[in-house]
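Residue numbers (our numbering): 1 to 232.
Right, here's the structure in full:
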């Protein structure tokens, strides 16, 4: 009876003790699908020094476009204590988003975002056994294609003008936050929002004089991301 009483007391103690949150430390890999809105603004020196253009005599255009994108993210998290989680990550995603704006009469400046590389850190709080709420931020590098389309060069036959194309990458930053929901001990689903600022870049037009600035463009992106991943 003595041992039975001891076992009963121990069992009661275990039942009365709240379950500890599972440690979410370790390597993770995830696939990501996003709906993104990319905005671009472009400026071009006024070639005719039009007196109707005020200020620094720039002609400007802006546009935004919404499209899906997809990518992957690889990261490592370390849980400190019962709830604090710190981690780092790298990622890549592909986009097919193009924005166009009219600069001079029917001339168009178009910019498309093709891919983005990211690296950053995140901090969060573990919730329950396998879930997490977090904020994130870090470095972004986006590859852009740009096109300047001079619509008409000969008014008599209405032939399209020359198209100048440019490509390059631009450094920027991103910030965001989200929630990961544990589906099993190793499988999770997530939903997050990320804002990216790609900064500004300049493209040189071939027919500009030596001292003239080029076509300047700046871009940013808003993303709502759904993902599914595995912890190891």
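We put the CB at the ideal spot given by N, CA and C, even for glycine.
| said: Quick check on residue 43: does DSSP put it in helix, strand or coil? | reply: Position 43 of the chain shown holds residue 43. The answer is strand: DSSP assigns residue 43 an E or B state.
| query | Can you tell which of 146, 64, 24 and 28 has its C-alpha closest to the C-alpha of residue 40? | reply | As a working mapping, residue 40 is identified with position 40 in the chain shown. Answer by Cα proximity: 64.
| request: With DSSP collapsed to three states, give me the class of residue 210. | output: The sequence position of residue 210 within the chain shown is 210, counting from 1. Residue placement at residue 210 is flagged as unreliable, the pLDDT there being 48, under the threshold of 50; a coordinate-derived value is accordingly withheld.
| field | the stretch 218-225 in contact with the stretch 26-40 per 3-pair CB rule at 8 Å | value | yes
| message | Taking the alpha carbon of residue 133 as the reference point, which residue from 168, 170 and 192 has its own alpha carbon closest? | response | Indexing the chain shown from 1 puts residue 133 at position 133. Residue 192 is the option with its Cα nearest to residue 133.
| query | When the Cα of residue 175 is compared with those of 146, 131, 137 and 43, which residue comes out closest? | reply | Position 175 of the chain shown, counted from the start, is the residue given in the question as residue 175. Residue 175 has its Cα closest to that of 137, out of 146, 131, 137 and 43.
| said: Buried or exposed for residue 101, going by 16 or more other Cβ atoms inside 10 Å? | reply: Position 101 of the chain shown, counted from the start, is the residue given in the question as residue 101. A buried status is given to residue 101, since no fewer than 16 other beta-carbon atoms sit within 10 Å of its beta-carbon.
| Enclosing beta strand (DSSP E) for residue 216 [first to last residue] | Here residue 216 is taken as the residue at index 216 of the chain shown, counted from 1. Where residue 216 is concerned, the enclosing beta strand (DSSP E) stretches over 215-231.
| request: Taking all protein chains shown into account, decide if residue 34 is buried (16 or more other Cβ within 10 angstroms of its Cβ) or exposed. | output: Position 34 of the chain shown, counted from the first residue, corresponds to residue 34. Under a 10 Å Cβ-count criterion, residue 34 is classified as buried, with 16 or more other Cβ atoms of the shown protein chains found around its own Cβ.
| query | Between which two residues does the beta strand (DSSP E) containing residue 111 stretch? | reply | The residue given as residue 111 occupies position 111 in the chain shown. Note, residue 111: beta strand (DSSP E), 108-127.
| message | In whole angstroms, give me the CA-to-CA distance for residue 185 and residue 130. | response | As a working note, residue 185 is residue 185 in the chain shown. As a working note, residue 130 is residue 130 in the chain shown. If I take the Cα positions, the gap works out to 6 Å.
| request: Could you work out which residue in 135, 169, 28 and 187 is closest to residue 145 when comparing CA atoms only? | output: Here residue 145 corresponds to residue number 145 of the chain shown, with the count starting at 1. Of 135, 169, 28 and 187, the residue nearest in Cα terms is 169.
| field | Range covered by the beta strand (DSSP E) that runs through residue 97 | value | Sequence index remark: in the chain shown, residue 97 carries index 97 (1-based). Segment 84-102, the beta strand (DSSP E) holding residue 97.
| query | Just the Cα atoms here: how many angstroms apart are residue 178 and residue 199? | reply | On the chain shown, position 178 is the one that residue 178 refers to. On the chain shown, position 199 is the one that residue 199 refers to. Separation of residue 178 and residue 199 (C-alpha to C-alpha, rounded to the nearest whole angstrom) is 24 Å.
| query | residue 53 by DSSP, collapsed to three states: which one? | reply | Within the chain shown, the letter at position 53 stands for residue 53. Confidence in residue 53 is poor, its pLDDT being 47 and thus under 50, which makes the residue's placement unreliable; the coordinate value appears in the next sentence. Coil, per DSSP.
| said: If the criterion is Cβ atoms closer than 8 Å, does the pair residue 85 and residue 126 meet it? | reply: Translated into the one-based positions of the chain shown, residue 85 becomes position 85. Translated into the one-based positions of the chain shown, residue 126 becomes position 126. In this structure, residue 126 lies closer than 8 Å to residue 85 by Cβ.
| task | For residue 78, I'd like the list of residues in its chain whose CB is within less than 8 Å of its CB, leaving aside the five on either flank, ordered along the chain. | result | Stepping through the chain shown from its first residue, residue 78 is reached at position 78. The answer, listed in chain order, is 25, 85, 86 and 87.
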